[in-house]
Amino acid sequence: SPIIKRYSVFTINKWMFLWASFLLLPFTANHVSQIEWSTTPLQTWLEAGYVVFFGTFIGYILTMIGQRVLRPTVVSIYNYIQPIVSVAVSICMGLGLFTIFQGLAIILVFSGVWLVIKSKSKKDIEKAE
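In the UniProt record's numbering, the protein residues as written are 1 to 129.
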């Protein structure tokens, strides 16, 4: 993507998360205003910070770096497979249950991966013509 090549991954993340926050504000403002921040334990803050920083921020940065150096197909497959790995890990740790909806979601994810793998790039289409 031209944007990824033009700007640093930190700049892209900054603006992406800022705009996402503004877009979510109308849906979350009422709930956020009702939270009693002073009663939230330190461990909860640390756990939430860990998930936000490592699971989201670092994940997005690594994905954008991958988009710079890897083929788009590889990055797409990673993006599709990531939720399946998360569900599998949560089930293995005893934190989640496997339901029919998750099974359906996995089928849809693998269908998306199959579409990405089978799709032809613009260069392949031009070569065929």
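Ideal Cβ placement from N, Cα and C applies to all residues, glycine included.
Leaving out five residues on either side along the sequence, give the residues of the same chain with a beta carbon under 7 angstroms from the beta carbon of residue i.
i: VAL9; result: ILE61, MET64 and ILE65
Closer than 8 angstroms by C-beta to residue i: which residues in its own chain qualify, once you throw out the five before and the five after it? Chain order, please.
i: VAL109; result: TYR80, ILE81, PRO83 and ILE84
i: ARG68; result: ILE4 and LYS5
Which first and last residues belong to the alpha helix (DSSP H) in which residue i is found?
i: ARG68; result: 59-69
i: THR73; result: 72-92
i: TRP15; result: 9-33
i: GLU47; result: 42-50
i: TRP114; result: 100-118
Taking residue i as the reference, give the member of the options with the closest Cα.
i: GLY59; options: SER86, GLU36 and LEU42; result: SER86
i: THR56; options: LEU97, PHE17 and ALA29; result: PHE17
i: PHE53; options: ASN13, VAL75, ARG71 and VAL113; result: ASN13
i: TYR78; options: TRP19, TRP114 and PHE27; result: TRP114
i: SER76; options: GLY103, SER111, GLY96 and ALA88; result: SER111
If residue i sits next to residue j, beta carbons under 8 angstroms apart, how far is it from one beta carbon to the other, in whole angstroms?
i: THR73; j: VAL116; result: 6 angstroms
Going by beta carbon distance, what residues of the same chain come within less than 6 angstroms of residue i, once the five residues before and after it are set aside?
i: GLN34; result: none
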